[in-house]
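Add 12 to a position in the sequence shown, counting from 1, and you land on the number used in the working numbering. Ideal placement from N, C-alpha and C gives every residue a C-beta, glycine not left out. Model, not experiment: these values are computed from the prediction.
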Amino acid sequence: MASDLFIENIFKNNKRAVSKAISIIESGNSNSTELLKELHKKIGQAYRIGVTGPPGSGKSTLTNQLTKYYRTQNKKVGIIAVDPTSPFTGGALLGDRVRMSEVGIDPGVFI
C-alpha cells in the first residue's frame, strides 16, 4: 500500500516521487496494482490520448499543440513519448522531448 505522503508528493509534482511511481507501475507487480488504485481515486477523470504515425507526420507538433491547449485550461499534462521502431534512432524513450522543449519547461508538464 502506498503511503499517504508518497501519494501527496506525487500530486505536488515531486519528480522523485513521480519517477518512482512510474517505475512501480511499470513493474506490474502487486504494488503497482495498489498504487494505481490509490491514484485512480484522485485522477479517474484524466484524459489519455495516443498519437501515432510515420516519421515526419507531425506527431510531436500535434502533441505540442494539444499540450498548449490543455495548459490554457489549467490542466496538468504528462507525456510519455516512445519511438520503438524509428529507422533514424533505432527506437528511443523520450526521443521527442527535444522537439517539445517549449512545453517541456512548463512546470505543469511532465515529459
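Just reading off the alpha helix (DSSP H) that residue 118 is part of, what are its end residues? In the DSSP assignment, residue 118 falls outside any alpha helix (DSSP H), carrying neither H nor E.
What are the complete alpha helix (DSSP H) segments, minimum 4 residues, inside the stretch 34 to 86? Correct list: 42 to 55, 71 to 84.
Under a Cβ-count criterion, where at least 16 other Cβ atoms within 10 Å of its own Cβ denotes burial, should residue 17 be classed as buried or exposed? By the 10 Å Cβ count, residue 17 comes out exposed.
Decide yes or no for the touch test of the stretch 67 to 83 against the stretch 15 to 32: beta carbon pairs closer than 8 Å, at least 3 of them. Fewer than three pairs of CB atoms, one per stretch, sit closer than 8 Å, so the stretch 67 to 83 makes no contact with the stretch 15 to 32.
For the putative contact between residue 43 and residue 36, defined by C-beta atoms under 8 Å, what is the C-beta separation to the nearest angstrom? Indeed, because the Cβ distance is near 5 Å, the residues count as touching under 8 Å.
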